[in-house]
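Asks: Residue numbers (this note's numbering), protein chains in the order written: chain R, 1 to 185; chain L, 1 to 121; chain P, 1 to 151.
Every residue gets a Cβ at the ideal spot worked out from N, C-alpha and C, and that includes glycine.
I'd like to ask you about the structure that follows.
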Amino acid sequence: MANIAPQLYALLVFMVIGSIVAIETRNLLSAVISVSAVGFALSVAFLFLGAPDIAITQLVVEVLVLIILIRGTILLDNTAVDTHRDTLAVVTSLIFFGLILGFGAMIFGSRGFPEFGQPVMRVSRVYVQTGLPATYAANIVTSVILDFRAYDTLGEATVLFTSILGALALLRREGKVSGEEVVAA
Amino acid sequence: MTVYFLCVVLLTMGLYCLVAKKNIVKKVLGIVIMDYAVNLYLIIIGYKTGGIAPVVEPKMLENGRLLESTLERFVDPLPQALVLTSIVIGLGVMSLMVAMCIRLYEKHGTFDMSVISKLRG
Amino acid sequence: MKGMTLIVKTITDFVAGFIVIFGAYIVLYGHLTPGGGFAGGVIVACAFILLMLAHGSDVAFSKLPEKVAHVLDSAGALAFLGIGWFGMTAGFFFMNTFGRGEFFRLFSSGMILPINIAIAFKVGSSLFLVFSALAIFRRRSFRAMIEDELA
Numbered sequence: 001m002a003n004i005a006p007q008l009y010a011l012l013v014f015m016v017i018g019s020i021v022a023i024e025t026r027n028l029l030s031a032v033i034s035v036s037a038v039g040f041a042l043s044v045a046f047l048f049l050g051a052p053d054i055a056i057t058q059l060v061v062e063v064l065v066l067i068i069l070i071r072g073t074i075l076l077d078n079t080a081v082d083t084h085r086d087t088l089a090v091v092t093s094l095i096f097f098g099l100i101l102g103f104g105a106m107i108f109g110s111r112g113f114p115e116f117g118q119p120v121m122r123v124s125r126v127y128v129q130t131g132l133p134a135t136y137a138a139n140i141v142t143s144v145i146l147d148f149r150a151y152d153t154l155g156e157a158t159v160l161f162t163s164i165l166g167a168l169a170l171l172r173r174e175g176k177v178s179g180e181e182v183v184a185a
Numbered sequence: 001m002t003v004y005f006l007c008v009v010l011l012t013m014g015l016y017c018l019v020a021k022k023n024i025v026k027k028v029l030g031i032v033i034m035d036y037a038v039n040l041y042l043i044i045i046g047y048k049t050g051g052i053a054p055v056v057e058p059k060m061l062e063n064g065r066l067l068e069s070t071l072e073r074f075v076d077p078l079p080q081a082l083v084l085t086s087i088v089i090g091l092g093v094m095s096l097m098v099a100m101c102i103r104l105y106e107k108h109g110t111f112d113m114s115v116i117s118k119l120r121g
Numbered sequence: 001m002k003g004m005t006l007i008v009k010t011i012t013d014f015v016a017g018f019i020v021i022f023g024a025y026i027v028l029y030g031h032l033t034p035g036g037g038f039a040g041g042v043i044v045a046c047a048f049i050l051l052m053l054a055h056g057s058d059v060a061f062s063k064l065p066e067k068v069a070h071v072l073d074s075a076g077a078l079a080f081l082g083i084g085w086f087g088m089t090a091g092f093f094f095m096n097t098f099g100r101g102e103f104f105r106l107f108s109s110g111m112i113l114p115i116n117i118a119i120a121f122k123v124g125s126s127l128f129l130v131f132s133a134l135a136i137f138r139r140r141s142f143r144a145m146i147e148d149e150l151a
């Protein structure tokens, strides 16, 4: 297969431009749609990187994020105006960026990090070799998350359950639910 | 190498949007962008040059055993398992944040953080 | 919540059933092709959300009432936990004790298929409930806001 680096660079540059548009625009609807464009480009990037499972999940989750953001917030108030520039925030972001680049250069320089395209695969070699004979599942990613590491998936289901429960508890309907009867005193 | 650098740029822009903007919905969008950057970084780490997706097809088997040549071409499946979990958790957390935005709007009448965060005596 | 125009309603009547079937296919064949419980569950939730957006919340709740969605949500999570405890009878937590079958068949690979179905029920009903709670038109304060503007 050919080198995928040019397509990956193009998609990443598109994502960076899309997020710049999402940050700076004043109309909230445009910001939400730009973030969704970034999400769709991310799904295409996952396809190029050999992860079709993740691409399907990212695509449908992206659609649901778009629907929830538009239906939940844009109808209330659509403008986002900033009065003055916050210098402390810009300085903080630049310091964070510099720190990450500094640590990254240190790790890259000492050869402790794998190159792009040559993963270490110390544990995954066992999973790939024994995935099909041990679990009889053709999709190796599914056999990893539901057979070898099913406990982690239980943790994820718990986190999802708790966050949805929290959202439902926050949005409880105020006052009496229609249909209840008032007991006469 | 440049691919990692662009991922870090995306992460920093999500952080800037979270910290510097006053509107609460823009802060939520910043967290969503940071989520995308981290997931992309994890999948890029697991990519093998010339690799194929880790799904076994019947023509790869040879009397019940996997051919060694195809075994060497599979992309790393372990980061994909982590990212699958992370994407769905990101959806759940984002719905909780949007619920908080709606309740804050009902209580204060605006999405502006500098108005909401004034303490009232 | 009111629905949308006649064109959207007609197309929804054609398409919503196919979306549910496609989501069920992605869930059931999760151990053979890419997909699995999470993606398939979100697709099934999208079908019901499409019903709610196009026809209004009354029609959507007549197809899947709120109490049934709460029960399905909890049942999916408990079924996932139950399969894990069932593996305890033969060794350790989440040990794969169901029948393995042969390669590349639908009913194979032990406990992966029941767990996919449980996760799909859980994720689908959770997301449908969250959307029906978040939809602004059902909040009393929003209705008061538009009535103030119209009056």
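Between R:Thr-57 and chain P, is any beta-carbon pair separated by less than 8 Å?
Replies: yes
Asks: What separation, rounded to the nearest whole angstrom, lies between the Cα atoms of R:Gly-72 and P:Leu-28?
Replies: 32 Å
Asks: Show which residues of chain R have a CB atom less than 7 Å away from the CB atom of P:Pro-34.
Replies: Pro-52, Asp-53, Ile-56, Asn-139
Asks: With H, G and I counted as helix, E and B as strand and the rest as coil, what does DSSP make of P:Thr-97?
Replies: Here P:Thr-97 sits in coil by DSSP.
Asks: Any idea what DSSP makes of P:Asn-116, helix, strand or coil?
Replies: If DSSP states are grouped into helix, strand and coil, P:Asn-116 belongs with the helices.
Asks: Ends of the alpha helix (DSSP H) at P:Ser-109?
Replies: Note, P:Ser-109: premise wrong, no alpha helix (DSSP H); not H, not E.
Asks: Out of curiosity, what's the CA-to-CA distance linking R:Asn-139 and P:Lys-9?
Replies: 38 Å
Asks: Reducing DSSP to helix, strand and coil, say where R:Asp-77 ends up.
Replies: coil
Asks: Could you list which residues in chain P have their beta carbon closer than 9 Å to that of L:Leu-84, in chain order?
Replies: Gly-36, Phe-38, Ala-39
Asks: Find the residues of chain L that neighbour P:Val-130, judging by a C-beta separation of less than 7 Å, and give them in chain order.
Replies: Residues of chain L whose Cβ lies closer than 7 Å to the Cβ of P:Val-130 are, in chain order, Ser-95.
Asks: Can you pull the chain L residues whose beta carbon is under 7 Å from the beta carbon of R:Ile-70, in chain order?
Replies: Chain L residues near R:Ile-70: none, gap ~10 Å exceeds 7 Å.
Asks: May I have the straight-line CA-CA distance separating P:Leu-51 from P:Ser-57, to the nearest angstrom?
Replies: 8 Å
Asks: Taking the C-alpha atoms as reference points, what is the distance between R:Ile-20 and R:Leu-160?
Replies: 30 Å
Asks: Please name the residue, chosen from L:Leu-78, L:Ala-20, L:Glu-72, L:Lys-22, that lies closest to R:Val-144 on a Cα-to-Cα basis.
Replies: L:Leu-78
Asks: Can you pull the chain P residues whose beta carbon is under 8 Å from the beta carbon of R:Thr-130, in chain order?
Replies: Here the premise fails: no neighbours, minimum Cβ distance about 13 Å.
Asks: Measure the C-alpha to C-alpha separation of R:Phe-113 and R:Ile-107 and round it to an integer number of angstroms.
Replies: 6 Å
Asks: Are the region 19-39 of chain P and the region 110-123 of chain P touching by the rule of at least three beta carbon pairs closer than 8 Å?
Replies: Look at the beta carbons and you see the region 19-39 of chain P touching the region 110-123 of chain P: at least three pairs across the two are nearer than 8 Å.
Asks: Measuring CB atoms only, is the region 9-20 of chain P touching the region 101-118 of chain L, in the sense that at least three cross pairs come out at less than 8 Å?
Replies: no
Asks: Restricting to Cα atoms, I'd like to know which of R:Phe-40, R:Val-44, R:Val-141, R:Pro-119 is closest to L:Val-55.
Replies: R:Val-141
Asks: Among R:Ala-167, R:Asn-78, R:Leu-146, R:Leu-132, whose alpha-carbon lies nearest the alpha-carbon of L:Pro-126?
Replies: Outside the shown range of chain L, which is 1 to 121, sits residue 126 of chain L, and nothing can be said about it.
Asks: Does DSSP classify R:Gly-117 as helix, strand or coil?
Replies: strand
Asks: Start and end of the alpha helix (DSSP H) containing P:Gly-152?
Replies: Summary: the structure shown does not reach residue 152 of chain P, with chain P confined to residues 1 through 151, and so no result is reported for it.
Asks: Cα-Cα, which of R:Phe-14, R:Gly-166, R:Met-15 is closest to L:Val-98?
Replies: R:Gly-166
Asks: DSSP on L:Phe-74, reduced to helix/strand/coil?
Replies: strand
Asks: Cα separation between P:Val-68 and R:Ala-89?
Replies: 47 Å
Asks: According to DSSP, L:Ile-52 sits in a beta bridge with which residue or residues?
Replies: L:Phe-74
Asks: When Cβ atoms are compared, which residues of the region 114-128 of chain P fall closer than 8 Å to chain R?
Replies: If the cut-off is 8 Å between Cβ atoms, the region 114-128 of chain P has Ile-115, Asn-116, Ile-119, Lys-122, Val-123, Ser-126, Leu-127 near chain R.
Asks: In whole angstroms, give me the CA-to-CA distance for R:Pro-6 and R:Ser-30.
Replies: Rounded to whole angstroms, R:Pro-6 to R:Ser-30 spans 28 Å at the Cα level.
Asks: Below 7 Å CB to CB, which residues in the same chain sit around R:Ser-110 once its five sequence neighbours on both sides are set aside?
Replies: none
Asks: Which residues in chain C sit within 7 Å of R:Val-159, going by Cβ to Cβ distance?
Replies: As a matter of chain content, chain C is missing from the structure shown, whose protein chains are R, L and P.
Asks: Pull up the DSSP beta-bridge partners for R:Asn-192, would you.
Replies: The question about residue 192 of chain R has no answer, for chain R in this structure spans 1 to 185.
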